[in-house]
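For the sequence shown, our numbering gives the first residue as 2, with consecutive numbering after it. Using N, Cα and C, we set each Cβ at its ideal position, and we do this for glycine too. Remember, predicted model here, so these are calculated numbers, not experimental data.
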Amino acid sequence: MAVVAGVRAQNTASLSPQDAALLALAREAVRGAVTGSSPIALPVAALGDLPSQGVFVTIERNGNVVGCRGTLQPRFANLRTEVQTAARSAATTDPRYRPLTPPDLSRFLVTVTVIERLEPIGRAEALTLTSADGIALQAGNNTGVVLPYEGRDPATRLRWAYQKAGVPNNSSCRLWRVVARRFRG
2 MAVVAGVRAQ
12 NTASLSPQDA
22 ALLALAREAV
32 RGAVTGSSPI
42 ALPVAALGDL
52 PSQGVFVTIE
62 RNGNVVGCRG
72 TLQPRFANLR
82 TEVQTAARSA
92 ATTDPRYRPL
102 TPPDLSRFLV
112 TVTVIERLEP
122 IGRAEALTLT
132 SADGIALQAG
142 NNTGVVLPYE
152 GRDPATRLRW
162 AYQKAGVPNN
172 SSCRLWRVVA
182 RRFRG
């Protein structure tokens with residue numbers, strides 16, 4: 002682990018060049034959204050031609066989440082746009098938190114979660130997921146997502162998924178294991 006602006010972060014030297022570039026892209030998109038400036042253009046070669054995937058960007062300050070936005074399924078033509086859009090949204094439009102301000106930029110940590118796949122599961126299997134597994138729940142038109150490494154135990158994560166979907170626990174629903182790649186800095 003390394004310290005990035007006073008916050009514990011993953012050692013970016015251990016990241017693949019593409020993951021490091023996506024992390025830098027997310028951090029710059031957060032800065033640009035907060036300051037109103039254009040994000041710094043990263044070399045195209047650093048990201049290559051990455052196909053679009055679902056992605057979430059989580060922003061933390063002092064160990065507390067201050068924004069998290071994204072989607073399970075891709076919405077744009079490439080991963081670069083997915084990351085930029087999720088990062089800007091996490092910084093400025095997450096309804097659970099106030100928008101970030103320029104002073105917030107002195108110390109923040111970004112986690113990028115790239116969705117690799119969703120695997121349908123039953124309720125019993127949801128209660129055996131490891132912390133490396135996320136969970137997605139759909140009840141009617143409502144969806145709740147708990148990303149990998151959120152929550153202490155499977156029962157807590159399942160309860161949170163119901164809460165995030167805005168439906169009572171034990172409501173009829175469809176469940177998926179969220180398999181994702183996660184990196185932070």
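So is residue i buried or exposed if we call it buried at 16+ other beta carbons inside 10 Å?
{"i": "Thr112", "result": "buried"}
{"i": "Asp154", "result": "exposed"}
{"i": "Arg175", "result": "exposed"}
Taking only three categories from DSSP, how would you classify residue i?
{"i": "Thr72", "result": "strand"}
{"i": "Ala133", "result": "coil"}
{"i": "Pro169", "result": "coil"}
{"i": "Gly33", "result": "helix"}
{"i": "Arg153", "result": "coil"}
Can you tell me where the beta strand (DSSP E) with residue i in it begins and where it stops?
{"i": "Glu117", "result": "Leu110 to Ile122"}
{"i": "Ala181", "result": "Arg175 to Arg185"}
{"i": "Arg62", "result": "Val56 to Arg62"}
{"i": "Thr82", "result": "Here Thr82 belongs to no beta strand (DSSP E); instead the alpha helix (DSSP H) covers Leu80 to Thr93."}
Using a Cβ-Cβ cut-off of 8 Å (strictly less than) and excluding sequence neighbours within five positions of residue i, which residues of its own chain qualify?
{"i": "Gly55", "result": "Gly71, Thr72, Leu73, Gln74, Pro75, Glu83, Val115 and Ile116"}
{"i": "Leu1", "result": "Only positions 2 to 186 of the chain appear in this structure, which leaves residue 1 out of reach."}
Flag this pair as yes or no: are the beta carbons of residue i and residue j separated by less than 9 Å?
{"i": "Phe77", "j": "Leu148", "result": "no"}
{"i": "Ala27", "j": "Ala125", "result": "no"}
{"i": "Asn143", "j": "Gly167", "result": "yes"}
{"i": "Pro121", "j": "Trp177", "result": "yes"}
If you drop the 5 nearest sequence neighbours on each side, which residues of the same chain put their C-beta closer than 6 Å to that of residue i?
{"i": "Ala10", "result": "Note that Ala10 scores 43 on pLDDT, short of 50, meaning its location in the model is unreliable and no value can be drawn from it."}
{"i": "Ser132", "result": "Tyr150"}
{"i": "Asn171", "result": "none"}
Looking only at its chain, what residues have a beta carbon closer than 7 Å to the beta carbon of residue i, apart from the 5 residues adjacent to it on each side?
{"i": "Arg160", "result": "Asn170"}
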